[in-house]
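Just so we're aligned, residue 313 is where the sequence shown starts under my numbering, counting upward by one. Note that beta-carbon positions come from the ideal geometry of N, C-alpha and C, so glycine has one too. Shown next, in structure tokens, is the structure this report addresses.
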Amino acid sequence: MFIGMVAWSCADDQTSDAYGQFEADETTISAEVSGKVLNFDINEGDYLEAGVTVGLIDTTQLALRKKELKASMESVRTNIAQLNAQQDVYRSQLETAEKELDRQESLQRDNAATRQQVDNSQGQVNTLNRQISAVEIQKQSVYAELKTLQARIDQAEDQLQRAIIINPVSGTILGKYTEPYELVSSGRPLYRIAGLDEMVLRVYVSGGQLPRVRLGDAVEVLIDEDARENQRLNGTVSWISSRAEFTPQMIQTKEERVTQVYAVKVRVENPDRRIKIGMPGEVNFGS
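Okay, here's the thing in structure tokens:
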């Protein structure tokens, strides 16, 4: 929750514990497909809500590819219908062949048919069974082809959806990198956005100060009100670097150890957008 700013006099020239500059959590939005930008209606400084459509990349080729794939799928479905019809013919022939085999076996028992006639009828039944099995194998292959085509259609549909540029996070446009009718490639940055309702003050503390700084601590943050006065805000320590910066390679004495510098991030709410990116700030960690 934001706690209001109040005037804070610097007449006593009290030195703050740490100094730094404000940053924002920035997000670079990139194109997810390649093509010509047909519409891109944003400007630097605009505030955008998450989920808002901000542009469109030409989808003509993707739509044609999807149409072609659907036509191929219909052709494959026709093949399945033909195979089913062929299988039905074989089953009908098999039914007739099995009846003939039964008749020949009955005649043989009455010595009215030869063994060769029975074997011929059995061979016909076996052949038709193999043909039915072969058609079933062909159908499985066609079904696999259908699955492949459906996956490619789903992929084309996904690409069509990705051609619609939808803003993913709420924030203010910091930079715009393309214009309508320009060609873009997949992965090319389109714009940069940051939520400015909460800012991050990055400061640096010495190794001697580090024991006084803890994650989640409430701290006092100072920003310039004018040439003589500061404004005081409430902040929260959100991150402490685990590695020192600007540190000599060999640390021998206590005096040298306190020259170690660690980065610290302090989050400060900024609902009225008073704090700007790059603005200097100061922090007092308290006792």
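Just the Cα atoms here: how many angstroms apart are residue i and residue j?
{"i": "arginine 585", "j": "threonine 460", "result": "52 Å"}
{"i": "arginine 579", "j": "glutamate 356", "result": "24 Å"}
{"i": "isoleucine 589", "j": "glutamine 521", "result": "26 Å"}
{"i": "asparagine 479", "j": "proline 583", "result": "21 Å"}
{"i": "valine 576", "j": "glycine 528", "result": "12 Å"}
{"i": "valine 447", "j": "arginine 377", "result": "31 Å"}
{"i": "tyrosine 493", "j": "phenylalanine 352", "result": "9 Å"}
{"i": "leucine 545", "j": "aspartate 538", "result": "15 Å"}
{"i": "alanine 323", "j": "phenylalanine 597", "result": "With a pLDDT of 40 at alanine 323, under the threshold of 50, the modelled position of that residue is not reliable, and no figure is offered here."}
{"i": "isoleucine 563", "j": "proline 523", "result": "Bear in mind that the predicted position of isoleucine 563 carries a pLDDT of just 44, short of 50, making it unreliable; the figure below should be weighed with that in mind. When rounded, the distance between both Cα atoms is 18 Å."}
{"i": "glutamine 373", "j": "threonine 490", "result": "21 Å"}
{"i": "serine 518", "j": "leucine 502", "result": "39 Å"}
In the DSSP assignment, what are the bridge partners of residue i?
{"i": "threonine 340", "result": "Arg504"}
{"i": "alanine 575", "result": "Tyr516"}
{"i": "isoleucine 369", "result": "Val349"}
{"i": "alanine 330", "result": "Val595"}
{"i": "lysine 488", "result": "Tyr503"}
Assuming residue i and residue j make a contact with CB atoms under 8 Å, what is their CB distance in whole Å?
{"i": "valine 454", "j": "isoleucine 392", "result": "5 Å"}
{"i": "alanine 362", "j": "glutamate 594", "result": "Wrong, their Cβ atoms sit about 33 Å apart, outside the cutoff."}
{"i": "isoleucine 444", "j": "glutamine 399", "result": "6 Å"}
{"i": "glycine 367", "j": "isoleucine 477", "result": "4 Å"}
Counting only beta-carbon separations shorter than 8 Å, does residue i have a partner in chain B?
{"i": "leucine 527", "result": "The structure shown contains no chain B; it is built from a single protein chain."}
Could you pull out every unbroken alpha helix (DSSP H) segment of at least 4 residues lying fully inside the region 404-479, listed in chain order?
Whole alpha helix (DSSP H) segments, 4+ residues: 427-474.
Inter-stretch contact (C-beta, 8 Å, three-pair minimum) for the region 331-350 and the region 423-432:
Because the criterion of three Cβ pairs below 8 Å is not met, the region 331-350 and the region 423-432 do not touch.
The region 356-372 in contact with the region 483-490 per 3-pair CB rule at 8 Å:
A contact is defined here as three or more CB-CB pairs under 8 Å, and the region 356-372 meets this definition with respect to the region 483-490.
Quick one: any contact between the region 504-522 and the region 402-422, if contact means 3 or more CB pairs under 8 Å?
Output reads no: the region 402-422 does not touch the region 504-522.
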